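Residue numbers (my numbering): 45 to 453.
Beta carbons are placed, not taken as given, at the ideal position from N, Cα and C, and that holds for glycine.
Note that this is a predicted model, so its numbers are computed, not measured.
Here the structure is laid out as structure tokens; the discussion comes afterwards.
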């Protein structure tokens, strides 16, 4: 609990004091709705930490301690709460949007995870992935050697140039290990788009992995280390833009927290690839053949609701001339896929995650579009896993790959 209390700030204290126990936002949580269990009420996931604040730092802390009204939080309680903080929370922020008091529950869960990591209470699968990312630079073993081998293979196989370690470039391209190891076609798609618009770009072997399992596991130092690799690589090649891949949490980690880690404003733009595509479509640099199909878009929570880039993919789809079928509760109100926040790595969470995924299946089916795309590789693999588990007849595609397939000229 000392770690949680060290992270205490005025906004955090205000959030914890503001809760009126209304429970109105409970129906905003996909895990609560799917399981129908009140223990998944979002604010309940923070109960031990709220009690620690009230006992140690709140305005009535002295009285709570004096009369024993708020007992100390025990390690046994924290062990019990591990499931609520990790297995049943993707930090998607839908509850935050629904809370009438404006409490940012997602950020409080992140702070609580910092304390859980310090207590050694991170689920072992998530810890192993995060530790590998810190040790090797990639959660899936996509080391610089593997990256070089993969891009050489992709360049030869698909006839595209994929520059690596250029000393100077306007755009530093970053990737997610999911793309490198599972969806390499996304790398080819990005290379084709960048060639199409005449971009000056490079990958860097000293800073290419955009995923950040430090932020997901709760290790602040690992989060900082992984972010600084990208920042230093961008500084080294004097990039004007750092381009983030189709990855939700990578966007939040660097776009909204990167400057705090760096200690001052970043001297370059940080863009999610959907923003980059939309920007170039507006400028007329992205010439596209029209798509005579209907499309539904799954919003990655950390890019849309938490990141503010909700309209960018829709601008790209409009540039494609696609007929957009918005699902019910789309955009900032979109339902999470259930695999973010590291949940997809935790095997014991699978039964609950699959229950939550049924909400997404119903949502996508009701939209009635010919095809579905997203701009997050982790969402995409969560959909792939759900499709295999349920024998579902829909496939989730990539917005970037769709654009690359429709390049004109």
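Beta-carbon proximity check, residue i vs residue j, cutoff 7 angstroms
{"i": "residue 160", "j": "residue 385", "result": "no"}
{"i": "residue 331", "j": "residue 203", "result": "no"}
{"i": "residue 254", "j": "residue 230", "result": "no"}
{"i": "residue 353", "j": "residue 316", "result": "yes"}
{"i": "residue 281", "j": "residue 212", "result": "yes"}
{"i": "residue 381", "j": "residue 426", "result": "yes"}
{"i": "residue 163", "j": "residue 261", "result": "no"}
{"i": "residue 90", "j": "residue 142", "result": "no"}
{"i": "residue 365", "j": "residue 334", "result": "yes"}
{"i": "residue 165", "j": "residue 122", "result": "yes"}
Cα-Cα separation between residue i and residue j, rounded to whole angstroms
{"i": "residue 235", "j": "residue 207", "result": "9 angstroms"}
{"i": "residue 139", "j": "residue 200", "result": "47 angstroms"}
{"i": "residue 146", "j": "residue 59", "result": "8 angstroms"}
{"i": "residue 273", "j": "residue 351", "result": "21 angstroms"}
{"i": "residue 346", "j": "residue 383", "result": "12 angstroms"}
{"i": "residue 117", "j": "residue 94", "result": "10 angstroms"}
{"i": "residue 376", "j": "residue 318", "result": "16 angstroms"}
{"i": "residue 374", "j": "residue 115", "result": "42 angstroms"}
{"i": "residue 355", "j": "residue 321", "result": "12 angstroms"}
{"i": "residue 179", "j": "residue 86", "result": "33 angstroms"}
{"i": "residue 129", "j": "residue 228", "result": "32 angstroms"}
{"i": "residue 471", "j": "residue 197", "result": "Missing from the structure shown is residue 471; the chain here goes from 45 to 453 and no further."}
{"i": "residue 53", "j": "residue 407", "result": "38 angstroms"}
{"i": "residue 61", "j": "residue 144", "result": "14 angstroms"}
{"i": "residue 193", "j": "residue 259", "result": "28 angstroms"}
{"i": "residue 358", "j": "residue 69", "result": "27 angstroms"}
{"i": "residue 284", "j": "residue 312", "result": "5 angstroms"}
{"i": "residue 171", "j": "residue 444", "result": "30 angstroms"}
{"i": "residue 104", "j": "residue 195", "result": "59 angstroms"}
Sequence-distant residues of its chain with Cβ nearer than 6 angstroms to residue i (five each side left out)
{"i": "residue 205", "result": "none"}
{"i": "residue 125", "result": "92"}
{"i": "residue 176", "result": "183"}
{"i": "residue 299", "result": "314"}
{"i": "residue 367", "result": "338"}
Close Cβ partners of residue i (< 7 angstroms) along its chain, the five nearest in sequence each way excluded
{"i": "residue 302", "result": "271, 275, 310, 314"}
{"i": "residue 277", "result": "216, 248, 250, 251"}
{"i": "residue 344", "result": "292, 418, 419, 420, 423"}
{"i": "residue 75", "result": "84, 132, 396, 400"}
{"i": "residue 256", "result": "267, 270, 271, 293, 294, 297"}
For residue i, the three-state DSSP class (helix, strand or coil)
{"i": "residue 439", "result": "coil"}
{"i": "residue 330", "result": "coil"}
{"i": "residue 245", "result": "strand"}
{"i": "residue 104", "result": "coil"}
{"i": "residue 111", "result": "coil"}
{"i": "residue 68", "result": "helix"}
{"i": "residue 272", "result": "helix"}
{"i": "residue 184", "result": "coil"}
{"i": "residue 290", "result": "coil"}
{"i": "residue 285", "result": "strand"}
{"i": "residue 310", "result": "coil"}
{"i": "residue 372", "result": "coil"}
{"i": "residue 124", "result": "helix"}
{"i": "residue 451", "result": "strand"}
{"i": "residue 208", "result": "strand"}
Residue i - containing beta strand (DSSP E), residue span
{"i": "residue 313", "result": "313 to 316"}
{"i": "residue 215", "result": "215 to 217"}
{"i": "residue 342", "result": "338 to 342"}
{"i": "residue 389", "result": "Run containing residue 389: none; DSSP gives neither H nor E here."}
{"i": "residue 416", "result": "415 to 418"}
Other residues of its chain near residue i: CB distance less than 8 angstroms, five sequence neighbours each side excluded
{"i": "residue 169", "result": "389, 390, 391"}
{"i": "residue 410", "result": "371, 372"}
{"i": "residue 449", "result": "233"}
{"i": "residue 369", "result": "338, 339, 340, 411, 412, 413"}
{"i": "residue 241", "result": "324, 329, 330"}
{"i": "residue 108", "result": "98, 99, 102, 114"}
{"i": "residue 405", "result": "430, 434, 436, 438"}
Closer than 6 angstroms: residue i CB and nearest the ligand ADP heavy atom
{"i": "residue 214", "result": "Summarising the ligand content, the structure contains no ligands, and the ligand ADP is consequently not present."}
Terminal residues of the alpha helix (DSSP H) in which residue i lies
{"i": "residue 160", "result": "149 to 162"}
{"i": "residue 260", "result": "257 to 261"}
{"i": "residue 139", "result": "138 to 142"}
{"i": "residue 59", "result": "54 to 62"}
{"i": "residue 232", "result": "229 to 240"}
{"i": "residue 361", "result": "356 to 363"}
{"i": "residue 424", "result": "421 to 434"}
{"i": "residue 77", "result": "74 to 79"}
{"i": "residue 223", "result": "221 to 225"}
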